Amino acid sequence: MMKKLLALGCAAAVSAALMPLGLPLAEPAQAAAPAAREWSVGPVIRGRNYSVGVTPYLTEGRGGPSFEFPGPNRAAGHVHAVTVPVGSLAGAKRITLKYRIDAAPGVKFYGQENGGPGWLSLYVQQRGDNWSAKGRYETYRWYSPNERISTLRPGTHTVSIGLDEEWNAVVAWKRSANPAAFEAALANAGNVGFVFGSSSGLGHGVYSTGPARFTVLDFRID
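What the sequence shown shows, in the numbering used here, is residues 136 to 357, in sequence order.
Here you go:
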C-alpha cells in the first residue's frame, strides 16, 4: 500500500489575546510538517480571498499551526477553507485531522450565510478546478460524509475518515454514485485540508462570537 503521511505538531500556545481568558496552556510541541505557511486560508478565486478577517496562512506557534477565528459577527469576517498542496492520493486509505479549539466561555460558531451552527468538514480538491461546479467540475471537490461532519465547539477533537466512505461531491454526487469521479479526484489531487460552513454550504464560512483559536494538532493521510 502506498502510504502518504503529513504529520503536524501536537498542541498550540495560547496567544496574548486568549491568555487573559484563563484558557489552558498547551502541551509540549512535537515535530511539525508541513510548516504553518504551507497551509493556505482561502479559497482565493480570481484574485478574491473568500476568507475575510483572518490571516492568509496559518501561524506557527510553540504548539503547532493555528489561526484566530474572525468575529464577533459576520461583518467582522469569516473563515472558509484551510488547505495544503498535495500530490496524487491514489492508493491512500484515510485522512485524519486532530485539532483543538480554544475559546472564551460562551463563544459560539455560526455559519456566515444562514446563522446556523458552524460545521467542519474534511476536503479534497482535484487539480485544475475552475470553481464553477458545472459539467466535469461537479466532482472536483469532495467533502466529509454526512454523518462525519463535525459541529464546531471548544476542546480537542479527531476526525478520521476512510476514503472508501460516502464522501460528498460539490454538486449532489455521492462517492457510491460516481466512484470513478472520486478516484479521479484522488489520483489528481491538488489540495487537501478542511473547510468551515453550515447547512447552507460546507465550505461557505463561519465566524465566532468571541475570541477563539483553531490549532492543527495532527494531520495525516495514510
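Think of the CB as a built atom: it goes at the ideal place given N, C-alpha and C, for glycine as much as any other residue. Given the structure is predicted, the values throughout are model-derived calculations rather than measurements.
Asked, Found
"Minimum C-alpha distance to residue 290 - residue among 176, 224 and 235", "235"
"Of the residues 327, 191 and 224, the one placed nearest residue 276, counting alpha carbons only", "327"
"CB-CB length for residue 190 against residue 176, believed under 8 angstroms", "6 angstroms"
"Stretch-stretch touch, CB-based, cutoff 8 angstroms, three pairs: the segment 201-218 with the segment 331-342", "yes"
"Supposed close pair residue 330, residue 258 - CB separation, criterion 8 angstroms", "5 angstroms"
"Residues bridged to residue 185 [DSSP beta-bridge criterion]", "None, per the DSSP bridge assignment."
"Beta-carbon separation (whole angstroms), residue 253 vs residue 333, contact threshold 8 angstroms", "6 angstroms"
"Cβ neighbours of residue 156 in the same chain (closer than 7 angstroms, five flanking residues each side left out)", "Annotation note: pLDDT 39 at residue 156 (below 50); position unreliable, coordinate value reported separately. Closer than 7 angstroms at Cβ, skipping near neighbours: 239 and 346."
"Ranges of the beta strand (DSSP E) found wholly within the segment 233-293, counting only runs of at least 3", "244-246, 254-261 and 276-278"
"Residues bridged to residue 213 [DSSP beta-bridge criterion]", "187"
"DSSP beta-bridge partners of residue 172", "Residue 172 pairs with nothing; no bridge assigned."
"Given 8 angstroms, three or more beta-carbon pairs between the segment 311-328 and the segment 254-273", "yes"
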